[in-house]
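For the sequence shown, UniProt numbering assigns the number 1 to the initial residue and increments by one for each residue that follows.
Read the structure below first, then the notes.
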Amino acid sequence: TVGGEVNFDPAYNGNILVNAMTVGVAKQDKIFYSAAAGIGNPVVYVGSKTGRDGIHGATMASADFGENSDEKRPTVQVGDPFTEKLLIEACLELMASDAIVAIQDMGAAGLTSSSVEMASKGGVGIKLVMDQVPCRSEGMTPYEMMLSESQERMLMVLKPGREAEAEAIFTKWERDFAVIGEVTDTGRMELVWRGETVADIPLGPLADEAPLYDRPHLSREEYKAWAQVKPLGEVSESTDIAADLLKLMASPALASRRWIYEQYDQQVGGDTVQRPGGDAAVVRVHGTDKALAMTTDCTPRYCYADPYEGGKQSVAEAYRNLCAVGATPLAITNCLNFGNPQRPEIMAQIVGCLEGMSDACRALDFPIVSGNVSLYNESKATGGGSAILPTPAIGGVGLLPDWRKSAAIGSAKDMDDVWLVGAAPSHLGQSLWLAERHGRMDGAPPVVDLRAERHHAEFIREMISSGLVTAVHDISDGGMLVALAEMALASGLGASFDRLLLRERPNLTALCFGEDQGRYLLTTSNSDPLVRAMGAAAIPHLRIGSIGGQAIEIGKTTLPLTDLRAAHEGFFPRLMGGEHPVA
């Protein structure tokens, strides 16, 4: 586990979300696909036996949880990582031959989705003999077999005559192997059990020809009225910047996630270049100079206040995090977590977030290559029946041609200059400072200027590649001062604000805590060429100060790093020890 994202809000209390992203590498000429082909080719089931665990798991993932939710426990799948590893090794060994025509895992809806999707993608039909499906439970019906979501299972189409070769491999790895059907030319899914056809269904309506819902949804203006997000009212200046920073750094939203990620091994394989705690994880592609950068991002409070801008921002922040380590963003995946789409206000959240994501992906040349959806995330068990915040979780991947030219948040050097790249901050609407300091969720979220986002990101990547900067950190939750504090804790070096800056900007609240988008903090040991480059590229910039000492110094205010670290790293240990409940 090399990275992640954690969000807290009372809206999740009755419906906790866990989204996971796995990233792998493959040689371009050895990628296997899932489109079934070859009339008469055998359809093969491999892996663990089918049980009743997970039946209706896909529908449970999109269902309200009420007081009787314990009755749904049989739908929860139980995974076995060691068994999964055996299946993976067996599949990889068979993949080294040319026996496989198509392959797909059995995920949501199990054998139903894998068989239908494989046949549909290949433009063929499929016939399954249910008597041949390896079953763990007695008396399972075809209905149960088709909907079971038992883990560690795959469906394959093999070249004819290669069954014995494949079976020997899976037997060696102690995994089940069974020929359960064949590819047909009917364009239909046929299920046979005990010699009788128990289902014969055209594939079109189950796949690409499935009907599309046109759910009623609120307009953008109607949604704003429903959400009752107040315009940003008068905001008083911070009377104690240091105290506000400590409060933010100790809050659930910003506290160190070290307690979480240290539960997991971060360096299996020995190729991890940047571990959790920075903008993006960086993992070297084994045996090469290349590295993959990975990040997960979402700001649910933005998505609630303005779904369109929140959707844009979720994609833009993933893009920004990848660029902050020097990677060229390649693509994203997503998990779209929302409440009940039959409610017009929830459907408005879905539509708004998707439109924002779509615009961001196009503007940033950042395609969505996969994803999934989890709807009906509402719970009556907690008494409120409220939906989760709209949570379009984004997982992004980027590429570094040379892992040695990656940037990190903790690599600043003593006496480096600190520069803000991007427009000077001014936006306090929906900011964490406003929420934590004043208990308010006023105002619109910051607007993402996608053209500026891309321009600034390309400049940052260029500066990292040139070696002109020593450390980089994107600015997001909490604003510029939080980003500076995180860099200080990562490097073990403090920072002091420029005195001229303090004279020119006596009101520091927006400067320190505004959450305007498309911005970075960077450090350099050689400011002159950096300033020339920023000027030539028409990049807005502002000198914040310099690196050094063991405290954050803002004029006459001094905040020791020891105090900052204690606040930042104390929340999760106390929470898990039962000392610090989250409201």
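Glycine residues also receive a C-beta, built at the ideal position from the N, C-alpha and C atoms.
- Given residue 394 as reference, the closest of 354, 403, 423, 431 once Cα atoms are compared: 354
- Task: Would you decide whether residue 494 is buried or exposed? Buried here means 16 or more other CB atoms lie within 10 Å of its CB.
- Result: buried
- CB residue 185 to CB residue 39, shorter than 8 Å? yes
- Query: Roughly how far, in whole angstroms, is the beta-carbon of residue 102 from the beta-carbon of residue 169, given that I think they are within contact range, below 8 Å?
  - Reply: Between residue 169 and residue 102 the Cβ distance is about 17 Å, and since that is not below 8 Å, they are no contact.
- Task: Indicate whether residue 409 and residue 486 have their beta-carbon atoms separated by less than 8 Å.
- Result: yes
- Quick one: what does DSSP say residue 104 is sitting in, helix, strand or coil? strand
- Query: Comparing alpha-carbon positions, which option in 298, 120, 482, 526 lies nearest residue 33?
  - Reply: 120
- Proximity below 8 Å, CB of residue 450 to CB of residue 524: no
- Message: If you measure between the beta carbons of residue 463 and residue 530, is that distance less than 8 Å?
- Response: yes
- Can you round the beta-carbon distance between residue 387 and residue 340 to whole angstroms, since I take them to be within the 8 Å contact cut? 7 Å
- Burial state of residue 383 (16 or more Cβ within 10 Å): Its pLDDT being 47, under 50, residue 383 is placed unreliably by the model, and the measurement read from it follows with that caveat. Exposed, because fewer than 16 other Cβ atoms sit within 10 Å of the Cβ of residue 383.
- Compare the Cα-Cα distances from residue 364 to each of 27, 319, 379 and report the closest residue. 319
- Query: Closer than 8 Å, CB to CB, is residue 166 near chain B or not?
  - Reply: Included in the structure is just one protein chain, with no chain B present.
- Collapsed DSSP secondary structure at residue 217 in the structure displayed: coil
- Query: What's the C-alpha gap between residue 442 and residue 16?
  - Reply: 25 Å
- Please state if the CB of residue 488 and the CB of residue 426 are separated by a distance shorter than 8 Å. no
- Query: What's the gap between the Cα of residue 259 and the Cα of residue 234?
  - Reply: 37 Å
- Message: In this structure, how does DSSP classify residue 351 when only helix, strand and coil are distinguished?
- Response: helix
- Skipping 5 residues on each side, what residues in its chain have a beta carbon closer than 6 Å to that of residue 323? 457, 460, 461
- Item | Same chain only: Cβ atoms within 7 Å of residue 569, ignoring 5 sequence neighbours per side | 256, 258
- How big is the Cα-Cα spacing for residue 67 and residue 366? Note on residue 67: pLDDT 49, under 50, position unreliable in the model; the coordinate value appears next. Spanning the two alpha carbons is a distance of roughly 42 Å.
- Message: For residue 93, which residues in the same chain have their Cβ closer than 7 Å to its Cβ, ignoring the five residues on either side in sequence?
- Response: 169
- Return yes when the Cβ of residue 272 is within less than 8 Å of the Cβ of residue 285, no when it is not. no
- Message: According to DSSP, simplified to helix, strand and coil, what is residue 346?
- Response: helix
- Message: Just to confirm before moving on: does the CB-CB distance between residue 165 and residue 97 stay below 8 Å?
- Response: yes
- Inspect the beta-carbon positions of residue 158 and residue 44 and report whether they are closer than 8 Å. yes
- Query: Expressed to the nearest angstrom, what Euclidean distance is found between the alpha-carbon atoms of residue 178 and residue 167?
  - Reply: 8 Å
- With which residues is residue 297 paired in a DSSP beta bridge? 394
- Item | Bridge-paired residues (DSSP) for residue 338 | Partner(s): none; residue 338 has no beta bridge.
- Task: Spatial neighbours of residue 51 within its chain, please: CB distance less than 6 Å, with the 5 preceding and 5 following residues excluded, ordered by chain position.
- Result: 136, 137, 150
- Message: Does the contact criterion of 3 or more C-beta pairs under 8 Å hold for the region 560-580 versus the region 242-249?
- Response: yes
- Between 399, 379, 470, which lies nearest to residue 10 when the distance is taken from Cα to Cα? 379
- Message: Checking the sheet assignment: what are the DSSP bridge partners for residue 543?
- Response: 419
- Query: Going along the chain, which residues of its own chain have a beta-carbon closer than 6 Å to the beta-carbon of residue 199, five neighbours each way excluded?
  - Reply: 191
- Task: Keeping to the same chain, check which residues put their C-beta closer than 6 Å to that of residue 122; ignore five residues upstream and five downstream.
- Result: 35, 36, 37
- Item | Rounded C-alpha distance that separates residue 99 from residue 472 | 48 Å
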